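Asker:
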Amino acid sequence: AAMEQIQDDLNEINAAISENMIQIEEAEKAIEKAQAALDEAEAVRQAQYESIKDQIHFMYTSEKNTIFSLIFSSKGIADLLNRTQYISRIMDYDQKKLAEYARSVEAAEDAKKMLEESKAKLDEKQRELEDQQAEQEEKESDMSTLISAKEAEIGQYNAEIGNKEAQVAEYKKMIAEQDAEIAAIEAALRRQQAALAEANRRVYGGGQFVWPAPNYTRISDDYGMRQHPTLGVQMMHNGVDMAAPSGSPILAAADGQVIAASYSSTMGNYIMMDHGSDLITIYMHASGLNVSVGQEVSAGDRIGSVGSTGRSTGPHLHFGVRKNGSYVNPWNYLK
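In terms of our numbering, the sequence shown opens at residue -2 and continues consecutively.
1. Can you name, in chain order, every residue of its own chain whose Cβ lies under 8 Å from the Cβ of N235, other than the five neighbours on each side?
2. Check the DSSP bridge columns for T278 and list the partner residues they point to.
3. Relative to the C-alpha of Q254, which residue among G273, P242, A241 and K118 is closest?
4. Alpha carbon to alpha carbon, how far is V230 from S295? Give it in angstroms, no decimals.
5. With L331 as the anchor, note down where its beta strand (DSSP E) starts and where it stops.
6. Is DSSP giving Q231 helix, strand or coil here?
7. Quick check: what's the CA-CA separation for E47 versus A38?
8. Can you give the beta carbon distance from L119 to E25, rounded, assuming they're within the 8 Å contact cut?
9. Is it buried or exposed, K61, if we count other Cβ atoms within 10 angstroms and call 16 or more buried?
10. What is the DSSP secondary structure of S261, counted as helix, strand or coil?
11. Let me know if R319 comes out buried or exposed under the rule of 16 or more other beta-carbons within 10 Å of its beta-carbon.
12. Taking 8 Å as the limit between beta carbons, can you name the residues of its chain near I14, skipping five residues before and five after?
13. If you run the structure through DSSP and keep just helix, strand and coil, what is Y336?
14. Within 8 Å, do at least three Cβ pairs link the region 208 to 228 to the region 237 to 247?
15. Measuring alpha carbon to alpha carbon, tell me which of T306, V303, L248 and P226 ends up nearest T278.
16. Looking at the structure shown, is R215 part of a helix, part of a strand, or coil, going by DSSP?
17. Alpha carbon to alpha carbon, how far is M222 from N326? Give it in angstroms, no decimals.
18. Is it the case that the Cβ atoms of L228 and K170 are separated by a distance below 8 Å?
19. Given a cut-off of 8 Å on the beta-carbon distance, is the pair M281 and H315 in contact?
20. Could you check if G285 is buried or exposed, using at least 16 other CB atoms within 10 Å of its CB as the buried criterion?
21. Is it buried or exposed for T252, if we count other Cβ within 10 angstroms and need 16 for buried?
22. So, for Y267: in the same chain, excluding its five sequence neighbours on each side, which residues have a beta-carbon less than 6 Å away from its beta-carbon?
23. Measuring straight from C-alpha to C-alpha, what distance separates P312 and E293?
24. Can you name the start and end residues of the beta strand (DSSP E) that L248 belongs to?
25. Within its chain, find whatever has a CB closer than 8 Å to the CB of G304; leave out the 5 residues flanking it on each side and keep chain order.
26. Could you give the distance in angstroms between the alpha-carbon of A185 and the alpha-carbon of D271?
27. Expressed to the nearest angstrom, what Euclidean distance is found between the alpha-carbon atoms of T142 and I158?
28. Measuring alpha carbon to alpha carbon, tell me which of N11, S259, Q4 and K110 ends up nearest V288.
29. Quick test of your reading: L7 and K109, contact by CB under 8 Å. State the CB separation rounded to the nearest angstrom.
30. Note down the Cα distance separating Q32 from A96, rounded to an integer number of angstroms.
31. Tell whether a beta-carbon distance below 8 Å holds between A256 and V290.
32. Looking only at its own chain, which residues have a Cβ that is under 7 Å from the Cβ of D139, when we skip the five neighbours before and after it?
33. Kindly indicate which residue of T263, G203 and E174 has the alpha-carbon position closest to the one of A250.
34. Flag this pair as yes or no: are the beta carbons of Q175 and S261 separated by less than 8 Å?
35. Looking only at C-alpha atoms, which of L276, E103, K93 and V207 sits nearest to E183?
Here it is as structure tokens:
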């Protein structure tokens, strides 16, 4: 949103700069026109000034053609009247010349004023352009800074993705090792079962499991696909997480024999129990174990204590059920 706003501001500034440059070009043309008008007016004024100056000089320096000589050299009344009319015409002509000169002076002053106004407008537009260009540079700097920040953010995000992918790969490797460990225990159990006479093999009698975390029924993470709490990716969760305080009891879900009571980096302290008919329960992340391998346990017996060992985000019991070597939904037995 910030980048879009800066771009919108830049678009407005660029449009204003373009408009201002057009107005500057018009002002420069107006200055050229005003300068030409001033030059022309000054030329007319100067020409008329020179003409009047010559006329005045002629009238007041010529002995034969002065007004006084025309009057006093007249040869009678009629001649005097004729000469007076002539003098009047000369004076009218001079008045016209003076008026024309005054107008040319005024025109020159107007042209000069127009030129000054055009120059002032040009100066104003150039200052506006400088301000707009400074603002443009500032916005472009803001955009560059924002782009650099975004590139750094993308770089960090890509690094995090790479790190996350590495963590996921490492986690999957650890889970594969965990599953291999569980499968090896189950394979050893099958070999033991195969060595026994069929009559001596353990058989699961059916029925509902005992709730393995007594008095604590809140499920912090259920069986099925879920977003991993630390990796943030969708992964299969092969058990039911029962939230309970650290140290609270873990009970055997059904009669059976302990076939594993050990520690791994992912499961923490864990217990595996065989209930017969290739049905196995797993209890992970315990803070302590109360049983050992080979021990016969009845449903409801305490086999350990809730904890947060191994790969865990807090005290809970991860309860899993395996049937014929694969995880199944524990709710099929807990209902």
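Note that the Cβ used here is the ideal one computed from N, Cα and C, for glycine as well.
It should be emphasised that the depicted structure is a prediction, and the values quoted were computed from it without experimental measurement.
Answerer: So, from the listed chains and residues:
1. Y220, G317 and Y324
2. M270 and V318
3. G273
4. 38 Å
5. Unbroken run through L331 is the alpha helix (DSSP H), W328 to L331; no beta strand (DSSP E).
6. strand
7. 14 Å
8. 6 Å
9. For K61, the pLDDT reaches just 46, beneath the cut-off of 50, and the residue's location in the model is therefore unreliable, leaving the point undetermined.
10. strand
11. buried
12. L126, Q129, Q130 and Q133
13. Residue coverage of the chain in this structure runs from -2 to 332, which leaves residue 336 outside it and unanswerable.
14. yes
15. L248
16. coil
17. 12 Å
18. no
19. yes
20. exposed
21. Note on identity: in this sequence residue 252 is Asp, with Thr being the wrong assignment. It is buried - the Cβ of D252 has at least 16 other Cβ atoms within 10 Å.
22. M281
23. 27 Å
24. P246 to L248
25. S243, G244, G265, N266, H282, A283, S284, G285 and P312
26. 12 Å
27. 24 Å
28. S259
29. With 8 Å as the limit, L7 and K109 do not qualify as a contact, their Cβ atoms being about 41 Å apart.
30. 24 Å
31. The question names Ala, yet the displayed sequence has Ile at residue 256. Closer than 8 Å, so yes.
32. I3
33. G203
34. yes
35. L276
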